[in-house]
Structure formats: structure tokens, C-alpha cells
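**Q** Just dropping this structure here.
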Amino acid sequence: VFAGSINGDGLLHIEVTRLAEDNTLSRIIQLVEQAQSSRAPTQRLIDRFAHYYTPAVVVVALLIALIPPLLFDGRFLEPNGTVFSLFHASSEGAASEIVRRGWLYRALVLLVIACPCALVISTPVTIISAIMSAARHGVLIKGGAYIEALGQTRAVAFDKTGTLTTGKPIMQQVRSANCEYDDNCSACNDVLALASAVERRAVHPLAEAIVSAANSRGVDKAYAPAQHVEMLAGRGVRGVVNQQMITVGSHALFDEEYAHSDALHEAVNATEAQGQTTMMVAADDDVRGYIAVADAARDESLAIIDRLQRLGIRTVMLTGDNATVGQAIGREIGVDDVRAGLLPGQKADAVKALLNDYGNVTMVGDGINDTPALATATVGVAMGGAGSAQALETADIALMADGLTALPFAIELSRFARRLIRLNMALSLSVKAAFIGLAIFGVTSLWLAILADVGVSLLVTLNGMRPLRMK
12 VFAGSINGDG LLHIEVTRLA EDNTLSRIIQ LVEQAQSSRA PTQRLIDRFA HYYTPAVVVV
72 ALLIALIPPL LFDGRFLEPN GTVFSLFHAS SEGAASEIVR RGWLYRALVL LVIACPCALV
132 ISTPVTIISA IMSAARHGVL IKGGAYIEAL GQTRAVAFDK TGTLTTGKPI MQQVRSANCE
192 YDDNCSACND VLALASAVER RAVHPLAEAI VSAANSRGVD KAYAPAQHVE MLAGRGVRGV
252 VNQQMITVGS HALFDEEYAH SDALHEAVNA TEAQGQTTMM VAADDDVRGY IAVADAARDE
312 SLAIIDRLQR LGIRTVMLTG DNATVGQAIG REIGVDDVRA GLLPGQKADA VKALLNDYGN
372 VTMVGDGIND TPALATATVG VAMGGAGSAQ ALETADIALM ADGLTALPFA IELSRFARRL
432 IRLNMALSLS VKAAFIGLAI FGVTSLWLAI LADVGVSLLV TLNGMRPLRM K
């Protein structure tokens, strides 16, 4: 029942599964607020620096105001006896006027110019601008820390199914163990019907492909749904159908647990070499045949991988498929490395290995099986359009559209934001350092100090807003 729905004359029995504040819009608002309140590492460093810097400046200003007059017979006040004058006019010229300025005046100039306003605001302005720019392009970043981390990414690991591929596999063929005709006999349809009876209780995209194919062939009702269904994580599923234990699983699982003919083994290998994922079917200990499905690569995957590689980023595909299928798909989309045959926990181990090799790794996934790897990576990116709730909750960044198009933009935006942060810090510190030196020697005036402080603050603010113009 959608928010805002109006009941007419009927009586409705509605089960509430989530509170109003848990709807999608509320979650997005909550994540944006969380992102705006989350501080980047550079911002935390600057805040710690300012915590000690400000008292130190006050102490230095007091020393400048008191030490020279007390120990070196310096002038404490202005020549006319005032604390300071707004305008300095002297017949003796500017040089003599500089020399005659009192040490209290110089201390006040130092306090004004040493104010860390520009330094403190330089990072949050840039971070917030980058978060807003990313949101406009369909990228939800949960905090400034992830902008800095994403900007330092050296390798990106992708889950295959639903991330680099559409996540909507289609059955290509079904073949019984003893059939001489591919995909077109009663024995083949029986293999499909048995698999459908077991997979009907599963939620994996491969299961949906089998059930859909069984529906289209009219064999989905041949057997009742399986009982006592057991999920074999990353390997298959089994359940009881007509008092037989039906197992639908990977080629690797069947090589370990079931004996089957060399001819069937070679047929499966040949199918997988074409980039199709095979699932073998057994009734008790009897291998009945196999089903092959294919998941097409996303239209944008090849271009996205190429763009990331041009940014100097290593691309890696992680998949539970065997090496033959994984390599075939990897070649199609052009990734640098393929790591196949991985269970969900092993994907996290693969990310740890990449962290050891590259130091900063981004993981992109969409399903609940990807959550361990998303949590392990430096930055976890979830596919918001098709991703599971667990993946979106675990990830640090969400691509709200069902596609990868915004990923390279997010990385380029993060790199640009990091450059701006360093530029703003260097600009504010250099201006401060120059005017502090001038203030100590009495070369600058209070008006120039105010102008420099306000001017550099405006400059770093305007510079920090440049991410808003990125396209």
C-alpha cells in the first residue's frame, strides 16, 4: 500500500511491515543528514590543529605585546598614545611610521590575521559541495570520510551478478544425461521440472531463471514444491521431491560428490567455455542432467571498466562462477583480473588480499552475499536501484540508479574534492604565514589584516564550491 493511498468503500486488512520513518524517502533523508554531520579525516585533523593553534596564537600575541616594551624599551602604544589608529599619516613617511607602531598594535594585527577561519571552513565547504554534487548525479555518499577514501582508490572490485551483468539470467539450454538432442525431449523437460520444484523456494537470480523457463515450457506444475529445502551457500540447493533428494548445484559440487560420465563432463565444460553458467541436477545419487543459463553484461559495463582503467585504477571481478565462466565474462567486459569460484566469505578474503596489494580498495556489489566484502573494503558501494537492503545498509556509498554509470564520476569528483582541500589549506596557511610575519615586524596595518582574513575566507569558500559545477 503506497503512502497517500485512499480507501474507497471497502474494508481493508493491512499488515504493517515497517514504520513510516522507515520508508525509502525517509531513509534517504536520514542518510543525507548523516553524511552532512560526518566529518572527513582532514576536517578532524584541522579541528584538532585549531584546538591547540588558537590558544598558542593568543599566547604569542601577548608575548609580542609585552616582551619588547618590558625588556627592550619598545613602544607599547601608538605614538599619539592611543591603542591604535585606523589611518596612519606621517610626514616622516611610511617607513618611519612602520617603525613607530606600538607592539600592542602589532599584537592586535597578529590576532586578526591568525584567526583560523579560512583554514577551518576550507574542508567542510568542499566536502558538502561534493556530497551535494554527487547526490545530483544519483550518488549518495554517507560521509566526508568516504569522499576522501574514494578519491584515493587504487583498485575496484566488482561482484559479477547484478553488478557487471544485468542480474536477470535467461536459460539457454537444458540437457538430460543420456539425451542425444539438446534441449528438446521429455527427459530434458523432466530435469527442468525437478530443478524448478527445488528452486521455487530460492531467491537467487539463477533460481528465477529456472522457474521462469519451467513456466514458459508448462512443466512448472509437474512436481509439487520441494520439502526440507537446504541452501548450500554459493554451491547450490537441495530438497525432497517425490521422496527423492533432488540436488541442483554447481559443476564443482558435482565433481566432488557425484559420479557422472565423461561425455556429460565434457559437455558441461564446453558450455561453460561459452560464458554460460551450468547447474547440474541429481536425484539421490543419479545425475539427471544440467541446465545452462547466461546473464548478459550490462550495456555500460565495458565503457565503465575502460574509463576506470584510464583513471589508473585496477579492475577486478569477483564471482562464484567457476574460472571458465568467469574468464569468459571477464574478457567480454575487459576487467584486469578475475577471481572465480568464490563463496561470500571468500569474496571478503579476496578484498583483504587486494587491500594488501593496493592499500585502498573499493568494492561494488548489490546482493546480501556481497555484504561481507562491502564491509571489508576501504569503501563499499551498493547498487541502489537493484541492491538488497542489507547491501545498502552496509555500503558507504549508494548508486541510486540501477547501473554503474555514476561510479567513475564519483571517483573523479572525490579526487577533485581532495585536490581542492589541499589547495585551500595551502592557500589559507600561506596567506596567514605571510601576514603573521608582516604583523610581527609592523609592516602591515589592521585594515589590511582584516581584508586578508575575510578575503582568503571568501576565496576558499568559493573555491570549495567548485564541485557543484562538475558534470
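The sequence shown begins at 12 in my numbering and counts up one residue at a time. Just so it is clear, CB atoms sit at the ideal spot from N, CA and C, and this is done for glycine as well.
1) Please name the residue in D297, L243, I324, L469 whose C-alpha comes closest to that of R426.
2) Thinking C-alpha only, which one of L440, A125, L161 is nearest V69?
3) Measure the alpha-carbon distance for Y369 versus E26 and round it to whole angstroms.
4) Within the continuous beta strand (DSSP E) that includes M394, where are the two ends?
5) Could you tell me the boundaries of the alpha helix (DSSP H) in which I142 lies?
6) Since L479 and M143 should fall inside the 8 Å C-beta cutoff, what is the C-beta to C-beta distance between them, to a whole number of angstroms?
7) Between V346 and V362, is the Cβ-Cβ spacing less than 8 Å?
8) In whole angstroms, give me the CA-to-CA distance for W114 and F452.
9) What are the start and end residues of each continuous beta strand (DSSP E) run of 3 or more residues lying completely inside the stretch 257-335, in chain order?
10) So which of G376, V298, T387, A421 has the shortest CA-CA distance to L319?
11) Which same chain residues end up closer than 6 Å to D201 when comparing Cβ atoms and leaving out the 5 residues on each side of it in sequence?
12) Just the Cα atoms here: how many angstroms apart are H215 and D170?
13) Once DSSP output is grouped into helix, strand and coil, what is the label at H62?
14) Which of helix, strand or coil does DSSP assign to L462?
15) Near A278, what residues of its chain come up, given a Cβ to Cβ distance below 8 Å and the 5 sequence neighbours on each side ignored?
16) Can you list, in chain order, the residues of its chain whose CB lies under 8 Å from that of A46, leaving out five sequence neighbours each side?
17) At what residues does the beta strand (DSSP E) containing Q357 begin and finish?
18) Determine the closest residue to T389 out of R165, K232, A244, with distance taken between C-alpha atoms.
19) In angstroms with no decimal places, state the Cα-to-Cα distance between V372 and G162.
20) What distance in whole Å lies between the Cβ atoms of V392 and M374, which are believed to be in contact at a cut-off of 8 Å?
21) According to the neighbour-count rule (16 or more other Cβ atoms, all chains shown, within 10 Å of its Cβ), is N367 buried or exposed?
22) May I have the straight-line CA-CA distance separating L457 from L121, to the nearest angstrom?
23) For T172, which of helix, strand or coil comes out of DSSP?
24) Evaluate T247 with the Cβ neighbour count: other Cβ atoms within 10 Å of its Cβ, from every protein chain shown; 16 or more gives buried, anything less gives exposed.
25) Given a cut-off of 8 Å, decide if D306 and T172 are closer than it, judged by their beta-carbon atoms.
26) Would you report the Cα separation of L73 and F446, rounded to the nearest angstrom?
27) Applying the criterion that 16 or more other CB atoms from any shown protein chain within 10 Å of the CB defines a buried residue, is F265 buried or exposed?
28) Looking only at C-alpha atoms, which of P127, L81, N226, L23 sits nearest to Y63?
29) Exposed or buried, N333, counting other C-beta atoms within 10 Å across all chains shown (16 or more means buried)?
30) Please look up how many angstroms separate the CB atoms of S439 and V465, rounded, as I've assumed it's under 8 Å.
31) What are the boundary residues of the alpha helix (DSSP H) that includes G4?
32) Just the Cα atoms here: how many angstroms apart are G475 and L30?
33) What residues are listed by DSSP as bridge partners for I152?
34) Taking the alpha-carbon positions, what's the T335 to V131 distance?
35) What do you reckon, are the CB atoms on M291 and G260 nearer than 8 Å?
36) Given a cut-off of 8 Å on the beta-carbon distance, is the pair L415 and S312 in contact?
**A** The answer reads as follows:
1) I324
2) A125
3) 49 Å
4) 390-394
5) 128-147
6) 6 Å
7) no
8) 9 Å
9) 288-294, 297-305, 325-329
10) A421
11) none
12) 14 Å
13) Looking at H62 - three-state DSSP - the assignment turns out to be helix.
14) helix
15) Answer for A278: R186, Y301, listed in chain order.
16) Unreliable placement is indicated for A46, whose pLDDT of 46 sits below 50; the coordinate value is still reported in the next sentence. The residues are I142, L151, I152, K153, G154, G155.
17) From DSSP, Q357 is part of no beta strand (DSSP E) but of the alpha helix (DSSP H) over 355-369.
18) R165
19) If I take the Cα positions, the gap works out to 11 Å.
20) 7 Å
21) When all chains shown are included, N367 counts as exposed.
22) 9 Å
23) Residue state, collapsed to three classes: helix.
24) Residue identity check: residue 247 is Gly in the sequence provided, not Thr. Buried, by the Cβ-count rule.
25) Between T172 and D306, the CB-CB gap stays under 8 Å.
26) 17 Å
27) buried
28) P127
29) buried
30) Incorrect: roughly 12 Å between the Cβ atoms, too far for contact.
31) What the structure shows of the chain is the stretch from 12 to 482, and residue 4 is not part of that stretch, so it cannot be assessed.
32) 38 Å
33) I408
34) A straight line joining the alpha-carbon of T335 with that of V131 spans about 54 Å.
35) yes
36) yes
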